[in-house]
Amino acid sequence: MTDRSFTGSNPQARLFDEHDIVRGWSWTVTTDRGVRRVTLPALVAATPAGTPIDWLFTEHIELLDAYMVSLATEHGALLSAPATTGRARRTARTAWRTLLRLGLEWAVASRDTGRTVTIRDANILGTVFAFAHRARRVCDDLGDRPLPPGMFDALPPDGLVEGTPELVPADPDRAGLGALWVLRTADGTALPTGLRQVISPMGGGTDPELLIVAHLNAIRAMLDADDTDRWAAWGMTADLFGGVIDPNRGDVGFDAVRLPVDDPGAATIDIYLRTVAHDVAADPTITEPAPTR
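Going by our numbering, the first residue of the sequence shown is number 28, and it counts up by one from there.
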């Protein structure tokens, strides 16, 4: 992600394989030794001072958005249920790693340059994570998330259930294990749920912004801990982006959804980078393009 030892011109985004869009694309430049593939952070860092670079960020995030649309169009059925074949698992695994890599490049370059991130761009990055989580779950590439004791002792009954949303830590003495949402009923029963459910109109009447901020603060406390659990980080971040940002967009204006903080763009990049850092530490190859499937 940090190779800056090159000079080149004519940056272009090119697919790795025109017949296999799942592998995604990368930036290329023309050097005195031919065409070379580079990351967005490296490309931005090597661009001469005074040369416009905003178009690189715009094109990267728009191509990333288009990549997700293509995945949903061409592989939507495959990415909506557990993989049952080797090929399906490879496709889902390639998809989540490609999403994470391309999102990581854009987030790192944005952070390093200190550029202002629009709400729309932040939403695309959040959707990248939510989509990657879905693909990762399909191919069973997620580890076990720490759960509070007795979390699934009571399962939600059929029909509408009244209760108060509550964020329960997996371990009150270990912030690094994260927390999960429950709906606390009148008799004290804790029914497992998620952020999307508790901030919905049927979620109990609590101000959705307060719930989102509580979730965001719990993520930050988890990521600040010395013993952050990798899978707790994945679960809570996926719950945040999957809850606040609708991956399917629906009838909600994509530009209108935002984290209720002073700088939602910076907050989105921070959470994305810090969560993915735990994955990269465990498997540095995540930052590399997927091999031919």
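Backbone N, C-alpha and C fix where the C-beta goes; we use that ideal spot for every residue, glycine too.
Test item: CB-CB of residue i and residue j under 8 Å
i      : j      : result
LEU67  : LEU91  : no
GLY269 : ALA157 : yes
GLU101 : ALA40  : no
ALA119 : VAL165 : yes
ALA260 : THR233 : no
ARG50  : THR125 : yes
Cβ neighbours of residue i in the same chain (closer than 6 Å, five flanking residues each side left out)
i      : result
ASP266 : GLY221 and LEU222
ILE151 : ILE88 and ASP92
VAL225 : PRO192, TRP208 and LEU238
HIS242 : LEU222 and LEU267
PRO235 : ILE226
Residue span of the alpha helix (DSSP H) that contains residue i, given as start and end
i      : result
GLU101 : 81-102
ARG120 : 113-140
THR295 : 291-309
ARG64  : Taken as a continuous stretch (DSSP letters only), ARG64 belongs to no alpha helix (DSSP H), being part of the beta strand (DSSP E) at 61-65.
GLU236 : 235-251
Near the ligand HEM: residue i beta-carbon under 7 Å from a heavy atom
i      : result
LEU237 : Ligands in the displayed structure: none, and consequently the ligand HEM is not present.
Local Cβ density within 10 Å of residue i, reported as buried at 16 or more and exposed below that
i      : result
ASP306 : buried
SER53  : buried
ALA122 : buried
THR312 : exposed
Beta-bridge partners of residue i, as assigned by DSSP
i      : result
LEU42  : TRP52
LEU194 : TRP208
THR154 : Paired residue(s): none; THR154 is not in a bridge.
THR314 : According to DSSP, THR314 bridges with nothing at all.
Own chain, CB closer than 7 Å to residue i, minus 5 neighbours either side, in chain order
i      : result
ASN37  : VAL56 and THR57
ARG138 : ILE296 and LEU300
THR314 : MET28, ARG128, LEU131 and VAL307
ASP282 : Since pLDDT at ASP282 reaches only 45, below the 50 mark, its modelled position is unreliable, and no value is offered.
ARG211 : GLY190, THR191, GLU193 and ALA217
SER97  : ILE48
Run of the beta strand (DSSP E) containing residue i, from where it starts to where it stops
i      : result
ARG211 : 206-211
ALA217 : 217-219
Spatial neighbours of residue i in its chain, beta-carbon cut-off 8 Å, leaving aside the 5 residues before and after
i      : result
ASP167 : PRO109, ALA110 and ARG116
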